[in-house]
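Remarks on the structure that follows.
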Amino acid sequence: MRDMEEHKTPEEWYHDSFEKLVENGMSKTQVKEILDPGYAFIVTDPLTGVYNRRVLYERLEALAKQEIPLCIDMLDVDHFKNYNDTYGHGQGDIALKQITSAIKAGTKSEDILARYGGEEFTLILPRTDLKGAKRVTERVRKNVEDMIMEASSENLKEGFEKTTISQGATWHDGSSIKTADQLLKEADVALYEAKKERNMVSFYHLI
7 MRDMEEHKTP
17 EEWYHDSFEK
27 LVENGMSKTQ
37 VKEILDPGYA
47 FIVTDPLTGV
57 YNRRVLYERL
67 EALAKQEIPL
77 CIDMLDVDHF
87 KNYNDTYGHG
97 QGDIALKQIT
107 SAIKAGTKSE
117 DILARYGGEE
127 FTLILPRTDL
137 KGAKRVTERV
147 RKNVEDMIME
157 ASSENLKEGF
167 EKTTISQGAT
177 WHDGSSIKTA
187 DQLLKEADVA
197 LYEAKKERNM
207 VSFYHLI
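Residue 213 is where the sequence shown ends in the working numbering, and the numbering goes up by one at each step.
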């Protein structure tokens, strides 16, 4: 058996390792990241290091088919255009990295964070009941609100010492199948409501 393992071609080794890791419960995206270091450049956002929009959609489609409870939370940085206009895009990039860290600090390892585009992120909370979803989304909101922006204090203008996020979330109990498009649409509708007030979490089923 050992001789057979030692004489496997790279393609055979990759295929066998891939199948074993998937059988052990890892997603295909996670397995590819482990077996192919270059794959990370394809699936992650280069600025923040979190997943990109394409991977978000693939993971959400796969989770939605499992009929498990899950929450989709869309997050938008409040007044980010004004921040960019005031400090420039370089400082804006630093802020986005810092905000990403604050969001991740409020989540679990199995939660999935992706940059949806610009200053907008999407968070998937798999196997989460409604109470847990409300707790996590509020913790994330508070993490960002309590964050001190990294621009030097002498350069920070009044009103930009801190930043906030608006969040639109939808929770699905898993009793029926919904598509990724349906879930993202519900979260987007909830986000529209949250942005009317800013610095808040709005849940689709409560609108």
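Even for Gly, the Cβ is constructed at its ideal location relative to N, Cα and C. Small disclaimer: the values here were computed from a predicted structure and weren't measured.
Under DSSP, the alpha helix (DSSP H) around residue i begins and ends at which residues?
| i | result |
| --- | --- |
| Ser181 | From DSSP, Ser181 is part of no alpha helix (DSSP H); its letter is neither H nor E. |
| Tyr57 | Note, Tyr57: premise wrong, no alpha helix (DSSP H); not H, not E. |
Using CA coordinates, which residue listed in the options is at the minimum distance from residue i?
| i | options | result |
| --- | --- | --- |
| Val142 | Ile154, Arg59, Ser115 and Ala101 | Ser115 |
| Glu126 | Phe86, Thr35 and Ser33 | Phe86 |
| Gly98 | Thr128, Lys168 and Asn30 | Lys168 |
| Ser181 | Glu73, Ser33, Met155 and Gln36 | Glu73 |
| Ala139 | Ile154, Thr113 and Glu192 | Thr113 |
| Pro132 | Lys34, Leu66, Met32 and Asn30 | Leu66 |
| Thr128 | Lys26, Leu190, Lys34 and Met32 | Leu190 |
| Glu156 | Leu102, Gly31 and Arg59 | Leu102 |
Where does residue i land, buried or exposed, given buried means 16+ other C-beta within 10 angstroms?
| i | result |
| --- | --- |
| Gly123 | exposed |
| Ala108 | buried |
| Glu208 | The displayed chain sequence assigns Ser, not Glu, to residue 208. Under this definition Ser208 is a buried residue. |
| Leu53 | exposed |
| Tyr210 | buried |
| Thr176 | buried |
| Arg145 | exposed |
| Leu212 | exposed |
| Ile130 | buried |
| Thr217 | Because residue 217 is not part of the residues shown, which for the chain are 7 to 213, the question remains open. |
| Ala111 | exposed |
| Val220 | Outside the shown range of the chain, which is 7 to 213, sits residue 220, and nothing can be said about it. |
| His178 | buried |
| Asp117 | buried |
| Thr185 | exposed |
| Glu29 | exposed |
| Glu192 | buried |
Using a Cβ-Cβ cutoff of less than 8 Å, which residues in the same chain neighbour residue i once the five nearest sequence positions on both sides are dropped?
| i | result |
| --- | --- |
| Asn205 | Asp84, Arg147, Glu151, Thr170, Ile171 and Ser172 |
| Asp194 | Met80 and Gly174 |
Whose C-beta lies closer than 7 Å to the C-beta of residue i among residues of the same chain, with five residues either side of it excluded?
| i | result |
| --- | --- |
| Val56 | Thr50, Thr106, Leu119, Ala120 and Arg121 |
What residues in its chain sit with their C-beta under 6 Å from that of residue i, if we drop five residues either side in the sequence?
| i | result |
| --- | --- |
| Lys201 | Ser172 |
Along the chain, where does the beta strand (DSSP E) containing residue i start, and where does it finish?
| i | result |
| --- | --- |
| Ile78 | Leu76 to Val83 |
| Val207 | Val207 to Phe209 |
| Gly123 | Ile118 to Gly123 |
Any heavy atom of the ligand HEM closer than 7 Å to the beta-carbon of residue i?
| i | result |
| --- | --- |
| Tyr210 | Questions concerning the ligand HEM fall outside what the structure shown contains, since it holds no ligand whatsoever. |
*Assess, as a yes-or-no matter, whether the region 47-54 is touched by the region 66-85 under the definition of 3 or more beta carbon pairs within less than 8 Å.*
no
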